[in-house]
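> Quick note: the sequence shown uses this note's numbering, first residue 1, plus one each step.
Please read through the structure below; I'll follow up with questions.
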Amino acid sequence: MDTTKTILIVDDHTLFRNGLKLLLQHYIPDSVIIESSNGEEALLRVTNKMPDIILMDINMPVMNGVESTRKIIEMNPEACIIALTMHGDESYYYQMIDAGAKGFLLKNSKPDDVIDAIKQVCQGKHYFSEEIMYSVIKNLNKSDTEVPDIQLTSRETEVLKMICAGLSNQEIGDKLFISKRTVDNHRASLLEKTQSKNTAQLVMYAIKTGVIEL
């Protein structure tokens, strides 16, 4: 991973920010770490220059992580935002996914998981810590949310499974012996058919409908 990354930590607890900053400086020594104590401050930070990665707390005063994430994504749909969560934040997961977060980390995650999440998201992929994924699945199984009744082609199903496995469009194309542009078209079709706004929502759809099993 290119170590010259600008990373914005958004959290209202100074002690947590300091600890995370030390961790990042140790594992990504050439990174530039900037901080904000709430979502409103984060918006001011990103106005002039978008950081490579934003580590966003969910529950904060002034402006919470969901609203801040939504506004940042409106400014730059490609913004790489990883939600920082605690047990008990489950009700916000779907709001953060809908807002455009590309990853989820528990605040007590191991250093290796934090670095892996940053690496995956920087590569254009999504990241869910194992604990969060199981929590999402548990809540999905309890949910009464209607799933669109649609028919996917066999090729679309193949592509969806590979998207869920974290493969990029180029990697999918290489495996299926088709062009990246063709994969782009399949992804666009999947987003439209499943009424999903982003890859994370596609993954939720795949879990809910049994396309993939975890």
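Every residue gets a Cβ at the ideal spot worked out from N, C-alpha and C, and that includes glycine.
Could you tell me how far apart the beta carbons of I58 and Y92 are, in whole angstroms, since I believe they sit closer than 8 angstroms?
So it is a contact: roughly 5 angstroms between Cβ atoms.
> Between the alpha carbons of N38 and Y205, how many angstroms are there, rounded?
Each residue's Cα considered, the two are about 31 angstroms apart.
> Should R17 go down as buried or exposed, given a rule of 16 or more other Cβ atoms within 10 Å for buried?
So R17 counts as buried.
> To the nearest angstrom, report how far apart S259 and V121 are at their CA atoms.
The shown model of the chain, from 1 to 214, leaves out residue 259, and the question about it has no answer.
> Look up L15 in the DSSP assignment and say whether it is helix, strand or coil.
Note: L15 maps to helix in three-state DSSP.
> At 4 residues or longer, what runs of the alpha helix (DSSP H) sit wholly inside the segment 54–80?
The qualifying runs are 65–75.
> Can you tell me where the beta strand (DSSP E) with I172 in it begins and where it stops?
Segment 169–176 is the alpha helix (DSSP H) holding I172; no beta strand (DSSP E) there.
> Where does L152 sit, in a helix, a strand or coil, going by DSSP?
In the structure shown, L152 sits in coil (DSSP, three-state: anything other than H, G, I, E or B).
> What does the alpha-carbon distance come out to for the pair K71 and L43?
So the alpha carbons of these two residues sit roughly 8 angstroms apart.
> Residues in its own chain within less than 7 angstroms of I81 by CB, not counting five upstream and five downstream?
Answer for I81: I54, M56, T69, I72, G100, A101, K102, listed in chain order.
> Let's test the definition: count the other Cβ atoms within 10 Å of the Cβ of F177 and tell me whether it reaches 16, buried, or not, exposed.
So F177 ends up on the exposed side.
> In angstroms with no decimal places, state the Cα-to-Cα distance between V114 and I150.
Roughly 36 angstroms between the two C-alpha positions.
> What residues in its chain sit with their C-beta under 7 angstroms from that of N198, if we drop five residues either side in the sequence?
Hits under 7 angstroms: G100.
> Along the chain, which unbroken stretches of the beta strand (DSSP E) at least 3 residues long are found entirely within the segment 102–133?
Taking only runs of at least 3 residues, the beta strand (DSSP E) segments lying wholly in the segment 102–133 are 103–106.
> Counting along the chain, where does the alpha helix (DSSP H) carrying S189 start and finish?
That run of the alpha helix (DSSP H) goes 180–193.
> How should M60 be labelled, buried or exposed, when 16 other C-beta atoms within 10 angstroms of its C-beta is the threshold for buried?
With 16 or more Cβ atoms within 10 Å of its Cβ, M60 is classed as buried.
> To the nearest angstrom, how far is the alpha carbon of D12 from that of G65?
Rounded to whole angstroms, D12 to G65 spans 11 angstroms at the Cα level.
> For L23, which residues from the same chain have a beta carbon less than 7 angstroms from its beta carbon, with the 5 sequence-adjacent residues on both sides left out?
For L23, where only same-chain residues beyond five positions count, the Cβ hits under 7 angstroms are P111, V114.
> Whole-angstrom Cβ separation of Q25 and I34, contact assumed at under 8 angstroms?
That pair is no contact at about 12 angstroms.
> Would you please state the rounded distance, in angstroms, between the beta carbons of M86 and L106? I believe it to be under 8 angstroms.
Confirmed, about 7 angstroms.
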